[in-house]
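Colleague:
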Amino acid sequence: MTVYTADHRAISACACVYRRLREVDRLLTEARDHVLDATAALEDSADACRAVDLLRLAAQKRADAHQEVRAGLRAMVRPAPPVDAAPDDAVSAG
């Protein structure tokens, strides 16, 4: 039977934050790509509406990234419950 300690919870929290940071990186990369596409679209006046739509998408991706960052920070600062207060199925594996 494995008993999870505070160290295990800290490692789990770090892994969770790492996954969130990867998601933030993905969202910001997509936002950058939308901005680059919008810049290219602005070179042709017929694509101005497309450029505006791409900039809106970029702004949404950026906002999504900020939400992921906030959620990751909350996960990091949320105090872990005491080891003896964890439910039985979360405490033992085996």
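Per our numbering, the very first residue in the sequence shown carries number -9; after that it's consecutive. Quick reminder that beta carbons are idealized off the backbone N, C-alpha and C, glycines included.
Taking Cβ to Cβ, would you say Ala31 is nearer than 8 Å to Ala41?
Modeller: As a working note, residue 31 is residue 41 in the sequence shown. As a working note, residue 41 is residue 51 in the sequence shown. Cβ atoms of Ala31 and Ala41: closer than 8 Å.
Colleague: Looking at Ala3 and Ala49, is the spacing between their C-beta atoms short of 8 Å?
Modeller: Indexing the sequence shown from 1 puts residue 49 at position 59. Indexing the sequence shown from 1 puts residue 3 at position 13. For Ala49 and Ala3, no; Cβs fall outside 8 Å.
Colleague: Given this structure, state the Cα-to-Cα distance separating Ala169 from Ala5, to the nearest angstrom.
Modeller: This structure does not reach residue 169, given that the chain is present from -9 up to 84, and the question cannot be answered.
Colleague: Does the distance from the CB of Gly62 to the CB of Leu11 come in under 8 Å?
Modeller: Here the question's residue 62 lines up with position 72 in the sequence shown. Here the question's residue 11 lines up with position 21 in the sequence shown. For Gly62 and Leu11, yes; Cβs fall inside 8 Å.
Colleague: Can you give me the Cβ contacts of Cys39 inside the same chain, cut-off strictly under 8 Å, excluding the 5 residues immediately before and after it?
Modeller: Reading the sequence shown from its first residue, position 49 is the one you call residue 39. Closer than 8 Å at the Cβ level, and outside the excluded window around Cys39, lies no residue.
Colleague: Rounded to the nearest angstrom, what separates Ala28 and Ala55 at their Cα positions?
Modeller: By 1-based counting over the sequence shown, the position of residue 28 is 38. By 1-based counting over the sequence shown, the position of residue 55 is 65. Whole-angstrom Cα-Cα distance: 19 Å.
Colleague: Using only CA atoms, which one of Arg9, Val59, Leu26 lies nearest to Arg46?
Modeller: Numbered from its first residue, the sequence shown carries residue 46 at position 56. Of the listed residues, the one whose Cα sits closest to Arg46 is Leu26.
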